[in-house]
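For the sequence shown, numbering that gives the first Met the number 0 assigns the number 0 to the initial residue and increments by one for each residue that follows.
No residue lacks a Cβ here, since even glycine has one placed at the ideal position from N, Cα and C.
All of these numbers come straight from a predicted model, not from anything done at the bench.
Notes to accompany the following structure.
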Amino acid sequence: MNDNQLPISISKYFDSLNEFLSSTKKDNIFILADENTLAYCVPLLLKNAELLQGAEIIETESGEHNKNLSLTQNLWEYLTRKKASRNSLWINLGGGVITDLGGFVASTYKRGISFINIPTTLLAQVDASVGDKTGIDFLGYKNQIGVFSQADFTYINPLFLNTLPKRQILSGFAEIIKHALIADKHYWNAIVELDFSSFDMWEKIIRRSVEIKLSIVNADPYEQGLRKVLNFGHTVGHALETWFLNTNTPYLHGEAIAQGIIAEALLSVKNTGLSLEEFELIQAFILSIYGKCRRFDVVEVLEIMQQDKKMKHGKLQFSLLSKIGESTFDCEVPTEDVVESLHYLL
Ligand SMILES: NC(=O)c1ccc[n+]([C@@H]2O[C@H](COP(=O)([O-])OP(=O)(O)OC[C@H]3O[C@@H](n4cnc5c(N)ncnc54)[C@H](O)[C@@H]3O)[C@@H](O)[C@H]2O)c1
Ligand SMILES: [Zn+2]
0 MNDNQLPISI SKYFDSLNEF LSSTKKDNIF ILADENTLAY CVPLLLKNAE LLQGAEIIET
60 ESGEHNKNLS LTQNLWEYLT RKKASRNSLW INLGGGVITD LGGFVASTYK RGISFINIPT
120 TLLAQVDASV GDKTGIDFLG YKNQIGVFSQ ADFTYINPLF LNTLPKRQIL SGFAEIIKHA
180 LIADKHYWNA IVELDFSSFD MWEKIIRRSV EIKLSIVNAD PYEQGLRKVL NFGHTVGHAL
240 ETWFLNTNTP YLHGEAIAQG IIAEALLSVK NTGLSLEEFE LIQAFILSIY GKCRRFDVVE
300 VLEIMQQDKK MKHGKLQFSL LSKIGESTFD CEVPTEDVVE SLHYLL
């Protein structure tokens, strides 16, 4: 990745952000944060980016349930009352909820104003803030309303991760595992050796994940084909995430995806030629980090999956692995294999 060509920068230093801010003359600057990023990330940002000191800070409540139309409308109202113009700058400072919601608000207010993403969770740094998808949930459906819209600048600083709870770090790490599995065996070899007690390695790891995601997204920006490989682990993972939402012990997104990766790696053994040996490596690594899947109802999880839009000819469609570092998409899988892979998790 060439930081000079893409509006994206990954660094422990604030220089690139400051350069971007001084090169864009804006009337007003708005920073969207939730209560956690207000407490932990706003101070670090303002201390290091002098040009943001007069910015208006908008605080929202954290959590997926806030990624909704009513908050979107409040934010549009706020911008209108503040007379924000097309020459205003909007900054998303937070996890994927903030970058999805804030990106959508900025992209639709007055047909779109400039916005910057400053992702502060590992998941948002390697996934949500990259790839131009913005949006909100609607009528119970995730990401039902939204637009593809590129941030003017994405500034990724691993220092923000210092205050992120370990559970959230591990949730984001599942997407890193996915990136390695679908695209890069060397990267896989590097991440299985990672020492989680050291924060120094994050910059390198994040950079490789962002490179992988960008190369896939750039080849297929609107998800007509190749981009679907990014769904590896997500057909089963999303269904598990949805099922566990109705329990007392919901999974974080990445925790559910990690189990989904095991199930879909098993489907890959049966359907796309992943070797049993590689499957076992994948399974052992995931279990060592996330532990065994909690108990769930196989029939209900299958039903959730079947409501998923990836059905074709009555069969579920998956993105699967042919080996570690190589993936395919639009694989039709017999239902009995899916059921078997779900039972396998239990
Ligand atoms: N647009 C995309 O391509 C894309 C891709 C993947 C996920 N997503 C979306 O991302 C969202 C999930 O994102 P997430 O996992 O980042 O969740 P999140 O935004 O809810 O953040 C998780 C928690 O961490 C807190 N937090 C954030 N940064 C912190 C920091 N530095 N220190 C301490 N606490 C901090 C937040 O307040 C929140 O409580 C979902 O809505 C999902 O749909 C979008
Ligand atoms: Zn995901």
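Straight through space, the alpha carbons of residue 169 and residue 255 are spaced by roughly 11 Å.
Short of 7 Å from the beta carbon of residue 151, and not among the five residues preceding or following it, lie these beta carbons of its own chain, in chain order: 6, 113, 114 and 115. It is roughly 15 Å from the alpha-carbon of residue 292 to the alpha-carbon of residue 233.
Within the same chain, and ignoring the five residues on either side of residue 275 in sequence, the residues whose Cβ sits closer than 8 Å to its Cβ are 268. About 6 Å separates the beta carbon of residue 205 from that of residue 125, a gap short enough to meet the 8 Å contact definition.
Residue 223 and residue 330 have their alpha carbons spaced roughly 15 Å apart. Taking C-beta atoms as the reference points, residue 55 and residue 37 fail to come closer than 8 Å. The straight-line gap separating the alpha-carbon atoms of residue 33 and residue 12 is approximately 23 Å.
Straight-line measurement puts the Cα of residue 333 at about 50 Å from the Cα of residue 77. In terms of CA proximity to residue 271, 319 leads the group 319, 8, 247 and 262. DSSP, read as helix, strand or coil, puts residue 154 in strand. Excluding residues up to 5 positions away in sequence, 25, 26, 27, 28, 29, 78, 112 and 113 lie with their Cβ nearer than 8 Å to the Cβ of residue 87 in the same chain.
Here DSSP, grouped into helix, strand and coil, assigns residue 12 to coil.
When the Cα atoms are used, residue 208 and residue 179 turn out to be separated by approximately 8 Å.
By the beta-carbon neighbour count (other beta carbons within 10 angstroms, threshold 16), residue 164 is exposed.
In the DSSP secondary-structure assignment, residue 113 is bridged to 88.
Here residue 74 is buried, its C-beta having at least 16 other C-beta atoms within 10 Å.
Per DSSP, reduced to three states, the secondary structure at residue 27 is coil, with no helix or strand assignment. Per DSSP, the continuous beta strand (DSSP E) segment holding residue 56 begins and ends at 55–59. Relative to the Cα of residue 99, the nearest Cα in the group 80, 128 and 227 belongs to 128. Contiguous alpha helix (DSSP H) elements confined to the stretch 279–344 occur at 297–306 and 334–344, taking only those with 4 or more residues. Selection 148, 183, 136 and 278 evaluated against residue 62 yields 136 as nearest (Cα-Cα). A distance criterion of 7 Å places the beta-carbon of residue 163 in contact range of ligand 1, judged by its closest non-hydrogen atom. In this structure, ligand 2 has a non-hydrogen atom nearer than 7 Å to the beta-carbon of residue 256. The distance from the Cβ of residue 148 to that of residue 102 is about 6 Å, consistent with a contact at the 8 Å cut-off. According to DSSP, residue 118 shares a beta bridge with 93. In terms of side-chain proximity, the C-beta atom of residue 122 is found nearer than 7 Å to a non-hydrogen atom of ligand 1.
Collapsing the DSSP output to three states places residue 133 in a strand.
The residue from 202, 140 and 173 with its alpha-carbon nearest to that of residue 158 is 202. A residue is called buried once 16 or more other Cβ atoms fall within 10 Å of its Cβ, and residue 42, having fewer, is exposed. In this structure, the alpha-carbon of residue 301 lies about 8 Å from that of residue 337. Taken from the Cβ of residue 64, every heavy atom of ligand 2 lies 7 Å or farther away. In this structure residue 52 is exposed. Its beta-carbon is surrounded by fewer than 16 other beta-carbon atoms within 10 angstroms.
Counting along the chain, residue 259 sits inside the alpha helix (DSSP H) bounded by residues 252–270.
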